[in-house]
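Worksheet for the structure shown next.
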Amino acid sequence: MGTYRKVFIHLLFWLIYSVVNAYLWYTFDKAYIDQSFYGITRLPIKVLAVYGNAYLLERFFFQKKYFYYFLSASIILFLSGLTQTIISDFHVFDFERLTIYSLPIYSVVIVSTIIIVILQYFKKAGETHQLQLEQVRSELNYLKTQVQPHFLFNTLNNIYSLTLENSKQAGKSILQLSELLRYMLYETSAEKIKLSKEVNYLQQYINLEKIRFGEKLELSFNTPEKTEHFMIPPLILIPFVENAFKHAVSVPGEKIWITIDIVIKDAMLFFTVENSTYNNLKSANAASGIGLENLKRRLSLLYVDFEIVHEQRDNYYHSSLQIPL
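Numbering-wise (the numbering used here), the sequence shown opens with residue 120 and increments by one.
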């Protein structure tokens, strides 16, 4: 809150208080309006009591030093009431008058205390919420950065295999990898990106894997015609595709096959990846790994309503993701 706004709010509070106080006093005692001297002296004492109490709230109460707060506040209130009594009726003093002149001071201090405590509560709640957002953002960024070296490690292994085979495709693979890295480094810093960019990224990754698998791979990649207007968090689809290429196996004598489908319906994104498996081989570890574990954590931070499915079916492995758009 800016300084000028603070000053304005404080002045407005005292103006409203003075008007209400004058109206109430005038209602009960019409002679009050002529007692200008008392009106001038009463307000400054209340102002000092209120801001003195505000200091004590900050210094002791909000630090949970309640004994020191109540002791100090009691002294301030007593001295304020005593000063008001002496100024108002300096020729007569008794405890009844002290009580009468102290009550208005107590009332405005109590009202201001309630306001300050409520404002402090909302301030702390806002700070806590902001801190939680920062923690979530930091964790998301951390998880996102973990995806990149994990992906790079797997891809470099693939390129290394090609170089061992003296394959001419190794150079082409490096160019494909550079495009993927450019996207990961410069396009994924935003909280959300266009679905079309993520689809293009998947296509580039698939092209890179096709170089490695060659004719042994049969792949189908189906996407909606229009993906420009939909936004999703970056790098949430690649772990499914990466996992499929990592664990896809085939029946001897047949091709490895992978099917990738993206469907948009009723403001929901349905992403499905299926890959061939072999019944005699266990695929229980297909749903494990850094990429998918990080993905689950990221999604739990980003969405309340999402669904991930991993399951072994007859001769293939099924993975799917469902998130709102």
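In this text, a Cβ means the ideal position worked out from N, Cα and C, and glycines have one as well.
- Counting along the chain, P353 sits inside no alpha helix (DSSP H), nor does DSSP assign it H or E at all.
- When the alpha-carbon of S191 is set against those of I355, A309, N172 and K125, the nearest one is in N172.
- Within the segment 293-364, the complete alpha helix (DSSP H) runs of at least 4 residues fall at 314-332.
- In the three-state scheme derived from DSSP, where H, G and I count as helix and E and B as strand, K183 is classed as coil.
- Spatial neighbours of Y187 in its own chain (CB-CB distance under 7 angstroms, excluding positions within 5 residues in sequence) are listed in chain order as F179.
- Where N434 is concerned, there is no enclosing beta strand (DSSP E), because DSSP gives it neither an H nor an E.
- Short of 6 angstroms from the beta carbon of Y435, and not among the five residues preceding or following it, lie these beta carbons of its own chain, in chain order: E393, S395 and T396.
- In the DSSP assignment, F425 falls outside any beta strand (DSSP E), carrying neither H nor E.
- Spatial neighbours of I224 in its own chain (CB-CB distance under 8 angstroms, excluding positions within 5 residues in sequence) are listed in chain order as I164, K165, A168, L196, S199, G200 and Q203.
- Excluding sequence positions up to five before and after T247, its CB lies less than 8 angstroms from no other CB in the same chain.
- Distance between E430 and F340, taken at the CA atoms: about 20 angstroms.
- The C-beta of T122 has fewer than 16 other C-beta atoms within 10 Å across all chains shown, which makes the residue exposed.
- For the pair T378 and T391, the Cα-to-Cα distance works out to about 8 angstroms.
- The three-state secondary structure of E215, taken from DSSP, is helix.
- When C-beta atoms of the segment 361-368 are compared with those of the segment 301-308, fewer than three pairs fall below 8 angstroms, so the two segments do not count as touching.
- If you draw a 10 Å sphere on the C-beta of P352, you find 16 or more other C-beta atoms in it, and that means buried.
- Per the DSSP secondary-structure output, N394 pairs in a beta bridge with I377 and Y436.
- Segment contact: the segment 290-304 against the segment 410-427, fewer than three CB-CB distances shorter than 8 angstroms; contact not assigned.
- Around F359, the same chain offers V392 and S438 as residues with beta carbons nearer than 6 angstroms, after the five sequence neighbours per side are excluded.
- Here L414 carries a helix assignment [DSSP, helix/strand/coil].
- Put simply, of S315, L338 and K316 the residue whose alpha carbon is nearest the alpha carbon of N326 is L338.
- Contact between I375 and L336 holds: their C-beta atoms lie close to 5 angstroms from each other, under 8 angstroms.
- In the three-state scheme derived from DSSP, where H, G and I count as helix and E and B as strand, V368 is classed as coil.
- Beta-bridge annotation (DSSP): P443 is paired with M387.
- Beyond the five residues adjoining it in sequence on each side, F181 comes within less than 8 angstroms, by CB distance, of Q239 in the same chain, given in chain order.
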